[in-house]
Every structure is written in structure tokens, then in C-alpha cells.
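Everything below concerns the one structure shown next.
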Amino acid sequence: MLRQLKRPEEVHLLRRTYGEGFVLLGVYCPRAEREKNLRKQGVSAPDVAALIERDEHEEILGGQALRETFHLADLFVEAAQDPNRGDAEIARTVDALFGTGFRTPTKGEFGMFQAFGASLRSAQLGRQVGASIISSAGELIAVGANEVPRAEGGQYWEGDANDARDHQFQRDSTNEAQEEIVREILERTHAEWGKASALRRQELLSEYLKKLRSSRVMSLTEFGRAVHAEAEAIVSAARMGASTKGASLYCTTFPCHVCAKHIVAAGITSVTYIEPYPKSRALALHSDSISIEEPEPGRVLFRPFVGVAPRLFPRLFSMTAADGTEIPRKDASGKPIADRANLRLRMAYFSALQNEELVAQELEDLTINRRDA
46 MLRQLKRPEE
56 VHLLRRTYGE
66 GFVLLGVYCP
76 RAEREKNLRK
86 QGVSAPDVAA
96 LIERDEHEEI
106 LGGQALRETF
116 HLADLFVEAA
126 QDPNRGDAEI
136 ARTVDALFGT
146 GFRTPTKGEF
156 GMFQAFGASL
166 RSAQLGRQVG
176 ASIISSAGEL
186 IAVGANEVPR
196 AEGGQYWEGD
206 ANDARDHQFQ
216 RDSTNEAQEE
226 IVREILERTH
236 AEWGKASALR
246 RQELLSEYLK
256 KLRSSRVMSL
266 TEFGRAVHAE
276 AEAIVSAARM
286 GASTKGASLY
296 CTTFPCHVCA
306 KHIVAAGITS
316 VTYIEPYPKS
326 RALALHSDSI
336 SIEEPEPGRV
346 LFRPFVGVAP
356 RLFPRLFSMT
366 AADGTEIPRK
376 DASGKPIADR
386 ANLRLRMAYF
396 SALQNEELVA
406 QELEDLTINR
416 RDA
């Protein structure tokens, strides 16, 4: 058992090596709790903030990157203050992996799986994002993906005769807008631009695009052609005449600040996400109407997802095994089979040994290449 992983490459390597034999558990603890625990250990306030920032994303080659790693987990549990609640979450997780098959999804797991399913229809060049809106009773109201809108409502589907999604034009419209903005800035501010050749201008543009990569200019999403998943879910509900007031939204990625204001205006009460989006200015712009992690009266709560990750949803909740065989829930007399453990995830042990040999050879080759470099 490995205690912690802090880089996505570690997760990818272990999954390639062990397949379903590797299960990653993501333990979520609210930032306020982490800060309090560190202060109890004698860490000063400035050092607490610096330590958490370094842990989430360290700006050095090979540094810690928990922010890019945590959302890759197979199951998410919360390090609750109430020990009974924490124990119950762990017991449910273990039972889902090894149990009799009577564990079913929570409303949150169902909502996130619907969001994940919606994300798979997106052909956007940057990332696939999905969202779902679920009523307080757990009913599916609407889903959305980040995709280019089409006339008469909705978004383009595979097979549409007039498909005009970004990949058809061989370029991401957001990147084009970013280049246009930087080019305009250079035209107005750079002394060399006016007399420079076309080749030199392209060199300057590439240079400044690289310099501004982590700036807010390169985080602008307003000029992209795609409707964001959260916005599409909201307008999809509107097209069908379904109210979103009092509903919950589940999204595979933390909403951007543009979607955040539409979520608030739609009367949605909570947002649950898996992947963080550090470029979002949602809280900075709407601190009066949203809260992060901790509920506050009169605010929409944005919180990380807890439960079975969408990637394992079919494997843990379907009563059909991976090889297609049925997993019975009752015996011949019609009574529930409650005394039999059923291992849901199985590792091909012999292939794992072969994979380990391949990985060892890869590491040896890397070591030799670095030494010879």
C-alpha cells in the first residue's frame, strides 16, 4: 500500500502496471481544517498558506502537484470531524469494492455519473467537461457538455450534416482569440512592431504568448465558440421548460466565473465538482452569493465531490461483471444472497508481473539515458 501520491504521472504509471489491481483513494479535507491542523502543530500562519500552496502545485520540475493528481482518484472520501461519519464512508467504500452487491449510488454519485456521461459527447480540443442538474428528489433535469451551439437550439451532434465544431476548422477558437488579443497589445505598445517584418512579428507574438501563458489574458474564455457544460445544462432545462430553482448541479470541473454567475441566477443551491479549475475567479467576483467548501446562509455552496468516481461507477454498481456474467442478488427461493463477498475489481496477476518487468526496464533505460546525456 502506498500512503500518498502527489503527481499524476505516478497514478498513470501504477494504472498501466496493475490495471484494476490499483485503486486510488482520494481523502478530502476542507482547507480550513487543514489550516487548523497545521497551526496546532506549531506552523505559523504564513507558512501554513505557503505549505498548502506548495503541496497543491509546486512551480519546479518534478515538484508536488496534488491539484493535478487528486481528481484522478477512484473513490473520494471526506476526512470528517465526526469519526462515525468517516468510518461509515470507509465502510461503504470497502463494501462497494468487496460487498454483496446491495450498495447502490447516492444522489451525488448518480449526478456526477450523468455529468461524466455528458462530457463524453464533447469534441472540444482543450478538454471534455460535463454537467448535470439534479432535483432535490434525485431526478435528472438536464445535462450539458462543452460544445459549439447550433441553430434552432442545442449543440452539434456527430453526424450533423452542417457540423461546424472547432475540430472541423483545425483550430481552437479560444486560442485564436488569445492570439488576437496579444497581437493587438503588441500593435499598440511594442516599439518594434510597426517596422518589423512578418517573420519578426510572428517571433514576437510567439515570445509574448509564452511570457503571458500563466496570466489572466490567457485565461479568458469569453471568446470561445463552445457553450460551457454548466451553461448548456441550464439553457437545456430552459428549452424544455424545467425549473432549476432549488436544484443541484454536478460538474466534472469547477465552473469558470462566467458559468458561476449563471448558476447563481438560475436558482441552483449547490455545485459539486471533481477537477479543480484554479483560473476560475468565481469566488473573487461573487463572494456575496457563493461559498467554497463551507455552507453559508444565502449562498450557493461549491464543494468537492465525495463518493465513487464516475470511472468506477459501472464496475461497482452494475450487476453484470466485466466478463458479461450476471451477479445474482437472490437464491433459488427468492431470498437475498447476503453472505457472499463479491470482488468487483480483479487484477490479472501474471500480466502484472510482466508489466513490472517492462516498467523496470523502462526505468533502467531512463537511468542509462540520463547518465549518458
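Per this note's numbering, the sequence shown runs over residues 46 to 418.
Every residue gets a Cβ at the ideal spot worked out from N, C-alpha and C, and that includes glycine.
{"Asked": "Could you work out which residue in GLU402, ALA110 and ALA292 is closest to LEU185 when comparing CA atoms only?", "Found": "ALA292"}
{"Asked": "Taking 9 Å as the threshold (C-beta atoms), are VAL280 and GLY189 in contact?", "Found": "yes"}
{"Asked": "Helix, strand or coil, according to DSSP, for PHE347 in the structure here?", "Found": "strand"}
{"Asked": "With a threshold of 8 Å on Cβ separation, who are the neighbours of HIS160 within its own chain once the five nearest residues in sequence on each side are excluded?", "Found": "Before going further, note that residue 160 is Ala rather than His in the sequence given. Cβ within range, chain order: GLY175, ALA176, SER177, VAL188, ALA274, TYR295, CYS296, THR297 and PRO355."}
{"Asked": "So, using beta-carbon positions, are ARG99 and GLN109 closer together than 9 Å?", "Found": "yes"}
{"Asked": "Please check the pair ILE335 and ALA311, which I expect to be a contact at CB under 8 Å, by giving their CB distance rounded to whole angstroms.", "Found": "At roughly 13 Å, the Cβ-Cβ gap does not stay under 8 Å, so ILE335 and ALA311 are not in contact."}
{"Asked": "Using DSSP with H/G/I as helix, E/B as strand and the rest coil, what is THR145?", "Found": "coil"}
{"Asked": "Using 8 Å for Cβ pairs, my map puts TYR350 next to THR317. What's the rounded Cβ distance?", "Found": "Position check: residue 350 holds Phe in this sequence, whereas Tyr was assumed. Right, the Cβ-Cβ distance comes to about 5 Å (below 8 Å), so this counts as a contact."}
{"Asked": "Expressed to the nearest angstrom, what Euclidean distance is found between the alpha-carbon atoms of ILE135 and LEU142?", "Found": "11 Å"}
{"Asked": "Measuring alpha carbon to alpha carbon, tell me which of ARG258, GLU55 and THR289 ends up nearest ILE179.", "Found": "THR289"}
{"Asked": "CB-CB under 8 Å to LEU218, same chain, minus the five flanking residues each way: which ones, in chain order?", "Found": "Checking the sequence, you will find Ser at residue 218 rather than Leu. If we look at SER218 and ignore the five residues flanking it on each side, its Cβ neighbours are ASP211, PHE268, GLY269, ARG270 and ALA271."}
{"Asked": "Under the DSSP definition of a beta bridge, which residues are partnered with GLU320?", "Found": "THR298"}
{"Asked": "What is the DSSP secondary structure of CYS399, counted as helix, strand or coil?", "Found": "The sequence given here has Gln at residue 399, not Cys. GLN399 falls in the helix class under three-state DSSP."}
{"Asked": "Decide if ASP119 is buried, meaning its Cβ has at least 16 other Cβ atoms within 10 Å, or exposed.", "Found": "buried"}
{"Asked": "State the Cα-Cα distance for the pair ALA133 and GLN399, rounded to the nearest angstrom.", "Found": "37 Å"}
{"Asked": "Output needed for LEU50: all residues of its chain with C-beta closer than 8 Å, excluding positions within five of it in sequence on either side, in chain order.", "Found": "VAL56, LEU59, LEU69 and THR114"}
{"Asked": "How far does the beta strand (DSSP E) with TYR73 in it extend, from its first residue to its last?", "Found": "70–73"}
{"Asked": "Within a Cβ cutoff of 8 Å, which residues of the same chain sit near GLN173, ignoring the five residues on either side of it in sequence?", "Found": "SER164, LEU165, SER167, ALA190, ASN191 and THR297"}
{"Asked": "Counting along the chain, where does the beta strand (DSSP E) carrying VAL174 start and finish?", "Found": "From DSSP, VAL174 is part of no beta strand (DSSP E); its letter is neither H nor E."}
{"Asked": "List in chain order: all unbroken beta strand (DSSP E) runs of 3+ residues lying wholly within the stretch 75–145.", "Found": "120–123"}
{"Asked": "Helix, strand or coil for ILE226? Go by DSSP, reduced to three states.", "Found": "helix"}
{"Asked": "CB MET392 to CB GLU65, shorter than 9 Å?", "Found": "yes"}
{"Asked": "Which partner residues does ALA405 have in the DSSP bridge list?", "Found": "None; ALA405 has no bridge partner."}
{"Asked": "What does a CB cutoff of less than 7 Å around ALA127 pick up in its chain, not counting 5 residues either side in sequence?", "Found": "A quick correction: the sequence has Asp, not Ala, at residue 127. Taken in chain order, the list of residues that qualify is empty."}
{"Asked": "How is ILE313 classed by DSSP in three states: helix, strand or coil?", "Found": "coil"}
{"Asked": "With DSSP as the reference, label SER251 as helix, strand or coil.", "Found": "helix"}
{"Asked": "Taking ARG52 as the reference, give the member of LEU403, HIS116, PRO91 and GLU80 with the closest Cα.", "Found": "HIS116"}
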